[in-house]
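Trainee: Counting in the working numbering, the sequence shown runs from 227 upward without gaps.
Can you keep this structure in mind? I'll have questions shortly.
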Amino acid sequence: MGVLRVIGLVFLGLFLLTLALVIGAGIILLLTHTHQTQATNQTSPQPPKPQPTQGLMRVTNQAAGIAYIGPNTTALAGYYCVNTAIPNTYSIQLNAKLSNGYWIQDVYSTKAYEVNGVGEPGFIEATWSPPVCTTMSNGVISCQSNPVSLYSVVVYGATCGWLIIRIANGIAYFGYSLDGLNVHWYYQYPVGNATIIGSDTTLVVGGYGNWEGVNFTNANIILALYYWNGSAWLPAPSFGVGGGTGEWVSNAWVYWDDGRAVVSWPEPVNETPLAPSPGFTP
């Protein structure tokens with residue numbers, strides 16, 4: 227993995243400038259997720275179906291990766307390594323749903339920041355408010371969340387690395403690691419008393435951001451997810467998934483096995499990838 231990194235364009239007004247550009251001109255990325263649900267007058271919800279811990283699936287026009295189904299936790303670490311990605315317009319997203327309704331993202335994107343019309347790679351934090359629900363006249367319940375925080379930092383040489391989210395004392399910390407040993411905590415945001423839950427918590431590949439997709443002609447991307455049990459990192463119980471964020475891939479195969487996965491195209495990869503364990507603590 228590359229270890230050379232150049233972190234630039236970080237200054238006092240970066241957040242306000244980034245957010246203003248996203249809202250006003252759409253120049254800087256906004257990795258989005260809108261929670262919208264519909265409910266009918268069912269008497270009781272059905273229990274969730276058990277998910278296989280190993281398998282192969284094809285994903286079309288959705289994000290491709292794995293979804294977390296483990297216990298509530300205070301930290302997640304998502305490993306990724308992009309062996310091949312043509313075209314080079316993608317993101318790797320660690321998306322976490324919190325127990326109090328917040329939805330947070332730690333993202334590596336090949337277009338994390340735009341300078342003079344040129345996209346620069348790096349990492350993006352995005353935090354979404356708890357959803358506000360309204361009941362329509364026909365009885366349908368519609369829920370929607372909104373972005374409350376967005377921050378980006380330019381980093382080169384990060385095609386393989388780690389995305390790390392930690393919740394401590396009501397603060398969400400967003401970090402990355404390029405060597406698997408040291409974490410760079412590049413942003414933090416208050417989210418209240420919360421833990422990370424399984425619902426809508428994913429490690430996925432999608433387009434670079436801003437609801438965009440990527441039409442891979444050739445791809446081989448390794449993913450591995452770990453959760454913190456209070457004293458150690460453990461492979462995250464998970465299953466293959468399509469979706470979980472606004473960005474997407476046109477087509478991809480996902481092979482997953484006990485917290486590890488390969489996202490590939492045009493051919494499936496039917497073997498468990500090698501992936502390191504975290505050498506850092508949250």
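Glycine included, each C-beta is placed from N, C-alpha and C at the ideal position.
Return the first residue and the last residue of the beta strand (DSSP E) that Q414 is part of.
Mentor: Here residue 414 is taken as the residue at index 188 of the sequence shown, counted from 1. 410–416 is the span of the beta strand (DSSP E), which, as asked, contains Q414.
Trainee: Since I believe A398 is in contact with I330 (beta carbons under 8 Å), could you give me their beta-carbon distance rounded to a whole number of angstroms?
Mentor: The residue you call residue 330 lines up with position 104 of the sequence shown. The residue you call residue 398 lines up with position 172 of the sequence shown. Confirmed, Cβ separation roughly 5 Å.
Trainee: Tell whether a beta-carbon distance below 8 Å holds between P508 and A311.
Mentor: Here the question's residue 508 lines up with position 282 in the sequence shown. Here the question's residue 311 lines up with position 85 in the sequence shown. The answer is no: Cβ separation not under 8 Å.
Trainee: Does the distance from the C-beta atom of Y294 to that of A450 stay below 8 Å?
Mentor: Counting from 1 along the sequence shown, the entry for residue 294 is found at position 68. Counting from 1 along the sequence shown, the entry for residue 450 is found at position 224. Going by C-beta atoms, Y294 is not nearer than 8 Å to A450.
Trainee: Is G327 closer than 8 Å to K339 when the C-beta atoms are compared?
Mentor: Start at 1 with the first residue of the sequence shown, and residue 339 comes out as number 113. Start at 1 with the first residue of the sequence shown, and residue 327 comes out as number 101. First, the amino acid is wrong: residue 339 is Tyr here, not Lys. It is not a contact, given that the beta carbons lie outside the stated cut-off.
Trainee: Three-state secondary structure (DSSP) at Y339?
Mentor: Against the sequence shown, residue 339 aligns to sequence position 113. The answer is strand: DSSP assigns Y339 an E or B state.
Trainee: Taking a contact to mean a Cβ-Cβ separation below 8 Å, would you say A478 touches A290 in this structure?
Mentor: As a working mapping, residue 478 is identified with position 252 in the sequence shown. As a working mapping, residue 290 is identified with position 64 in the sequence shown. A contact, by the Cβ cut-off of 8 Å.
Trainee: So, helix, strand or coil for M283, using DSSP?
Mentor: Stepping through the sequence shown from its first residue, residue 283 is reached at position 57. M283 falls in the strand class under three-state DSSP.
Trainee: If we count the other Cβ atoms within 10 Å of its Cβ and call it buried at 16 or more, is G281 buried or exposed?
Mentor: Residue numbering aside, residue 281 sits at position 55 when the sequence shown is read from its first letter. Answer is exposed; the Cβ neighbour count stays below 16.
Trainee: Use the C-beta contact count for P502: other C-beta atoms within 10 angstroms, 16 or more gives buried, fewer gives exposed.
Mentor: For this step, residue 502 is matched to residue 276 along the sequence shown. With fewer than 16 other Cβ atoms within 10 Å, it is exposed.
Trainee: Roughly how many angstroms lie between the CA atoms of W388 and N372, to the nearest whole one?
Mentor: Residue numbering aside, residue 388 sits at position 162 when the sequence shown is read from its first letter. Residue numbering aside, residue 372 sits at position 146 when the sequence shown is read from its first letter. Spanning the two alpha carbons is a distance of roughly 26 Å.
Trainee: Using the C-alpha atoms, what's the distance from W482 back to T498?
Mentor: Residue 498 sits at position 272 when you count from the first residue of the sequence shown. Residue 482 sits at position 256 when you count from the first residue of the sequence shown. When rounded, the distance between both Cα atoms is 7 Å.
Trainee: Considering only their Cβ atoms, is the gap separating T421 from T299 smaller than 8 Å?
Mentor: As a first step, residue 299 must be located in the sequence shown, where it is residue number 73. As a first step, residue 421 must be located in the sequence shown, where it is residue number 195. Yes, the pair counts as a contact, with Cβ atoms nearer than the cut-off.
Trainee: Does the segment 353–367 come close enough to the segment 457–476 that 3 or more CB-CB pairs lie under 8 Å?
Mentor: No: the two stretches stay apart, fewer than three of their Cβ pairs being nearer than 8 Å.
Trainee: Output the distance between the C-alpha atoms of V308 and C386, rounded to the nearest integer angstrom.
Mentor: By 1-based counting over the sequence shown, the position of residue 308 is 82. By 1-based counting over the sequence shown, the position of residue 386 is 160. The alpha-carbon atoms of V308 and C386 are separated by roughly 6 Å.
Trainee: For the beta strand (DSSP E) that A478 lies in, which residues bound it at each end?
Mentor: Counting from one through the sequence shown, the residue named residue 478 turns up at place 252. Run containing A478: 474–483, per the beta strand (DSSP E) assignment.
Trainee: Taking DSSP as the reference, what is the three-state secondary structure of D426?
Mentor: Walking along the sequence shown from the start, residue 426 turns up at place 200. In this structure, D426 counts as strand in the three-state DSSP scheme.
Trainee: Name, in chain order, the residues that DSSP records as bridge partners for G291.
Mentor: Residue mapping note: residue 291 aligns to position 65 of the sequence shown, counting from 1. DSSP output for G291 lists V430, V467 as bridge partner(s).
Trainee: Beta-carbon within less than 8 Å of G396's beta-carbon, same chain only, minus the 5 sequence neighbours each way: which residues are those?
Mentor: For this step, residue 396 is matched to residue 170 along the sequence shown. These residues qualify, in order along the chain: P416, V417, G418, N419, A420.
Trainee: Thinking P504 and G406 are a contact (beta carbons under 8 Å), I'd like their distance in whole angstroms, please.
Mentor: Residue 504 sits at position 278 when you count from the first residue of the sequence shown. Residue 406 sits at position 180 when you count from the first residue of the sequence shown. 6 Å between Cβ atoms; contact.
Trainee: Starting from L404, trace the beta strand (DSSP E) both ways and give me its first and last residue.
Mentor: The residue you call residue 404 lines up with position 178 of the sequence shown. Note, L404: premise wrong, no beta strand (DSSP E); not H, not E.
Trainee: Can you round the beta-carbon distance between M283 and G435 to whole angstroms, since I take them to be within the 8 Å contact cut?
Mentor: Working through the sequence shown from its first residue, we reach residue 283 at position 57. Working through the sequence shown from its first residue, we reach residue 435 at position 209. That pair is no contact at about 24 Å.
Trainee: Below 8 Å CB to CB, which residues in the same chain sit around N408 once its five sequence neighbours on both sides are set aside?
Mentor: Working through the sequence shown from its first residue, we reach residue 408 at position 182. Cβ within range, chain order: F506.
Trainee: Would Y412 and V379 qualify as a contact pair, given that the criterion is a beta-carbon distance under 8 Å?
Mentor: Numbered from 1 along the sequence shown, position 186 holds the residue referred to as residue 412. Numbered from 1 along the sequence shown, position 153 holds the residue referred to as residue 379. Closer than 8 Å, so yes.
Trainee: Find out if the Cβ-Cβ distance for the pair Y316, G469 is shorter than 8 Å.
Mentor: Residue mapping note: residue 316 aligns to position 90 of the sequence shown, counting from 1. Residue mapping note: residue 469 aligns to position 243 of the sequence shown, counting from 1. No, they are not a contact pair.
Trainee: Confirm, please, whether the CB-CB distance from A445 to V489 is below 8 Å.
Mentor: Residue numbering aside, residue 489 sits at position 263 when the sequence shown is read from its first letter. Residue numbering aside, residue 445 sits at position 219 when the sequence shown is read from its first letter. Yes, the pair counts as a contact, with Cβ atoms nearer than the cut-off.
Trainee: Excluding five sequence neighbours on each side, which residues of the same chain lie with their C-beta closer than 7 Å to the C-beta of V325?
Mentor: Mapped onto the sequence shown, residue 325 falls at position 99. What sits at residue 325 in the sequence shown is Ser, not Val. Cβ within range, chain order: N298, A420, T421, I423.
Trainee: Taking C-beta to C-beta, are Y452 and G401 nearer than 8 Å?
Mentor: Numbered from 1 along the sequence shown, position 226 holds the residue referred to as residue 452. Numbered from 1 along the sequence shown, position 175 holds the residue referred to as residue 401. No; because the gap between Cβ atoms is not below 8 Å, this pair is not in contact.
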